[in-house]
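Q:
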């Protein structure tokens, strides 16, 4: 946050142009210039070029370049790297950066960060590095970080920040404002909410800073505080915290421990990361990918994919076993082998459509018992309607191709059955998984495609065996 | 926002219990009680039960119940419905609610909302309803809403709110605070940012309310304002606005028109909705679903699915045509028909994995030219490694099954080739689509599964025709 006295007309001239590009500090040109300077080993030029960058742009740059270049750049920057930049790094880039700069530099950077960001960074360290970093901190900082780490991963306690403004209800607006003017908050941190607490540090009200500003000096905080507020338990999962923020359009919330004491604050900007993370998790889980970063190593990527492919191989073999039951039929009517993938493929796609909508609705907590039943019924009907529609099209196409009315009827019949099954299981599988406490995003797709493959092949070849031979 | 004088000890006792449930106002019990009262036609009871609900909970209730019940409930509530509740409704529920309450009630509700929320509501109305609603507004409100509607859909102009605090740089902190105390802002709206503008209304600085609070009265705004801020052009797409907020960890931003004049403000809470919307769009597009709500009608759902299924039928027929080329081979070795879906299925899954990671990275703007090349290379390698691994497993399984070493070798070879192709096209297809200006989420999956099906069948049966006969 650079503020300073400035020349109004100059800024004015700049602003009045607003080329959309200037919104981003790290243009391709700037990036190329920095990387050329790194390549050439011109430390002074590197520092001069990176100095005006927003720490988010610096983080972006570090994430975009190769690990080798990243290490060169960091060495050239040395102390000039704004610790703030680390808070914008993705987990895997952060790990890499921390490795390069080492424990001493980390310990020096931590006190300049909010406690939640400091915890995020210390989390990434190996145990021995962690100890080394912690012992270089002041007592208060160390306590903050260690307490943060004592809460479960992905809990409110890990996300919250300890720095907050906590005042008793009998204080007046005037006292509060004078107090705030006196506080030398580290790096002029922005804040939006004042917490009002009783003598046991239980939160009893919240005051938006804007409201405080508008109130008259003699008014007591208890008169202007909002009592209709929510406090989040420190162990609440971050996913649930995010749902609360979304649901109630919250901007910040207090966090309380088991005794109801105020221990921290979570703000909406922390929630945005959680929302992004979770959207990504669901997307990747449905596609059968774990560890999804584009920066993962070859080995990590391989590990993140192979498990799902192995499972898929097993289910594909299962489908083949079903086909194997009808070897005899296939030998006699080879047209069946040509057409059978159509039935399975259509079922798989229809099932994936239903599953995806259901998984998203579950993640966004949109289902009530009633609406889930309505959803299931609707999916069943859509499956039936689509089944009949595509059965007719497929039957006509296959009749033109093979000129055999029986094959066409069998293809159409199998299609209807498979699409109805797809609509039905596409709803029931994710809803049942939730009931058994399994994340539906992770397991649903494999269930559905297995079911639609097996049913598709079995019904199509089974009908053929019955009616053709 | 209810604040009032209150009994501290009572609230204290409540808070110190913090059962996680109490975080949500709409418990299943409350919901059941309300719905029972609606059923029984007890208007007074309905109003009493819903009165303490947060407007977000009311919105949630309206979305969860059937359209018929929703209409009954709204009629019983009448004027008691807090207009704020409409701002929490999903688009399709909002449409339904607006239909029920009618233009007169809407016109009465709008002035109580922020201008961005008012625009969102008027957007949903039919043209003639829109005119009726608009003519019932005050001149200022009407101008705000009409200007909002004049900006393109999903642009910054539609999202922004017109209410903001705009002051000249030569004002002192004292003047500002006194001014703010005097302003009777509608419904005590919370605000976080003060915009400093020059005489042409060009933004030249921003002041966080917390900072204003801490400054001394004689200090001029120009001395405490942040000049390192971003203004978003009014026509910028909401997706890009969301990326800017994420990238720079912003909490609010000013919006300027073509002349660089300040016209509105966008806050982070508006961005959360955009982020959710976009995550959903990508997820649904990858699964081939348009119009994804669990509340869509049967017809809408059918329309949102059939297009993709039709496309899939065409590509499935294409795959069948490839199989048809080898009818002769299949007739002689029926084991090939049994095994061929394995090759296609593995390729399809591996391709989907790669595509999904690529699409997400593109959506989050994570790719630079360099990192895209690295990504493509890594996916190719992972495809090769997985290909070899699963080729061995599949070959062993098929040898045990059919006891034919040639079939096993052919199966393995086809698997390696198909998984390499999957890794390669899984990267190239989405990246090329972006270059041609097509949303990769929408079109990538269908390309990939078509390629892996066609290649899978062709290579497997082609190798068989070459080596087996």
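Protein chains in written order, with this note's numbering: chain U, -4 to 464; chain V, -4 to 464.
Every residue, glycine too, gets a C-beta built ideally from N, C-alpha and C.
Keep in mind it's a predicted model, so treat the numbers as computed, not measured.
(1) Could you check the C-alpha separation between residue 450/U and residue 335/U for me, to the nearest Å?
(2) For residue 57/V and residue 88/V, what's the separation of their Cα atoms in angstroms?
(3) Which word fits residue 165/V, buried or exposed, when buried means at least 16 other C-beta atoms lie within 10 angstroms of its C-beta?
(4) Could you tell me the distance, in whole angstroms, from the CA atom of residue 141/V to the CA atom of residue 70/V?
(5) Given that a residue counts as buried once 16 or more other Cβ atoms are within 10 Å of its Cβ, and exposed if not, what is residue 452/V?
(6) Measure from the C-beta of residue 157/V to each C-beta in chain U and report whether the shortest distance is under 8 Å.
(7) From residue 363/V to residue 399/U, what distance separates their C-alpha atoms?
(8) For residue 145/V and chain U, any beta-carbon pair shorter than 8 Å?
(9) Looking at the unbroken beta strand (DSSP E) that takes in residue 188/U, where does it start and where does it end?
(10) Going along chain V, which residues have a C-beta under 9 Å from residue 176/U?
(11) Give me the subset of the stretch 400 to 420 of chain V whose CB atoms are less than 8 Å from a CB atom of chain U, sorted by chain position.
(12) Once the 5 residues before and after residue 426/U are set aside, which same chain residues still bring their CB inside 8 Å of it?
(13) Considering only the beta carbon of each residue, do residue 247/U and residue 188/U sit closer than 8 Å?
(14) For the stretch 275 to 299 of chain U, which residues have a CB atom closer than 9 Å to at least one CB atom of chain V, in sequence order?
(15) Looking only at its chain, what residues have a beta carbon closer than 7 Å to the beta carbon of residue 328/V, apart from the 5 residues adjacent to it on each side?
(16) Taking only three categories from DSSP, how would you classify residue 250/U?
(17) Skipping 5 residues on each side, what residues in its chain have a beta carbon closer than 8 Å to that of residue 406/U?
(18) At a CB distance below 7 Å, what residues from the stretch 314 to 331 of chain V approach chain U? Give them in sequence order.
(19) Examine the Cβ distances between the stretch 40 to 60 of chain U and the stretch 81 to 97 of chain U and report whether three or more of them are shorter than 8 Å.
(20) Are the CB atoms of residue 242/V and residue 196/V within a distance shorter than 8 Å?
(21) Put residue 319/V into one of helix, strand or coil per three-state DSSP.
(22) Can you pull out the residues from the stretch 330 to 353 of chain U whose beta carbon lies closer than 9 Å to at least one beta carbon of chain V?
(23) Going straight from the alpha carbon of residue 481/V to that of residue 34/V, what length do you get?
(24) Are the C-beta atoms of residue 84/V and some chain B residue less than 8 Å apart?
(25) Whole angstroms are fine: how far does the CA of residue 209/V sit from the CA of residue 183/U?
(26) Taking only the alpha-carbon atoms, compute the straight-line gap between residue 216/U and residue 203/U and give it to the nearest angstrom.
(27) Going along chain U in order, which residues have a C-beta closer than 9 Å to the C-beta of residue 394/V?
(28) Between the alpha carbons of residue 160/V and residue 167/V, how many angstroms are there, rounded?
(29) Run through DSSP, which three-state label would residue 361/V get?
(30) Less than 8 Å between CB atoms is the rule here; does residue 439/V satisfy it with respect to chain U?
(31) Throw me the rounded Cβ distance for the residue 260/U and residue 152/U pair, which I believe falls under 8 Å.
(32) Beta strand (DSSP E) containing residue 198/V: first to last residue?
(33) Report whether the distance from the Cβ of residue 321/V to the nearest heavy atom of the ligand MN is below 7 Å.
(34) Work out the CA separation of residue 311/U and residue 445/U for me, nearest whole Å.
(35) My understanding is that residue 156/U touches residue 110/U, with C-beta atoms under 8 Å, so please give their C-beta distance in whole angstroms.
(36) So is residue 79/V buried or exposed if we call it buried at 16+ other beta carbons inside 10 Å?
A: Reading from the atomic positions:
(1) 11 Å
(2) 7 Å
(3) exposed
(4) 29 Å
(5) buried
(6) no
(7) 54 Å
(8) no
(9) 188 to 192
(10) 208, 209, 210, 211
(11) none
(12) 353, 357, 362, 367, 371, 435
(13) yes
(14) 275, 277, 278, 279, 281, 282, 283, 284, 287, 288, 289, 290, 291, 292, 293, 296, 297, 299
(15) 459, 463
(16) strand
(17) 334, 337, 338, 386, 389, 390, 393, 455
(18) 314, 315, 318, 319, 322, 325, 326, 329
(19) yes
(20) no
(21) helix
(22) 330, 331, 332, 333, 334, 335, 336, 337, 338, 339, 340, 341, 343, 344, 345, 347, 348, 349, 350, 351, 352, 353
(23) Outside the shown range of chain V (-4 to 464) lies residue 481/V, about which nothing can therefore be said.
(24) Structure shown: chain B not included; protein chains present are U and V.
(25) Reliability fails at residue 183/U, whose pLDDT of 48 lies under 50, so the model's placement of it is uncertain and no value is given.
(26) 11 Å
(27) Correct list: empty, because the minimum Cβ distance to chain U is about 13 Å.
(28) 14 Å
(29) coil
(30) no
(31) Residue 260/U to residue 152/U, Cβ: 12 Å. No contact.
(32) 198 to 203
(33) Absence of the ligand MN is noted for the structure shown, with no ligands found whatsoever.
(34) 7 Å
(35) 5 Å
(36) buried
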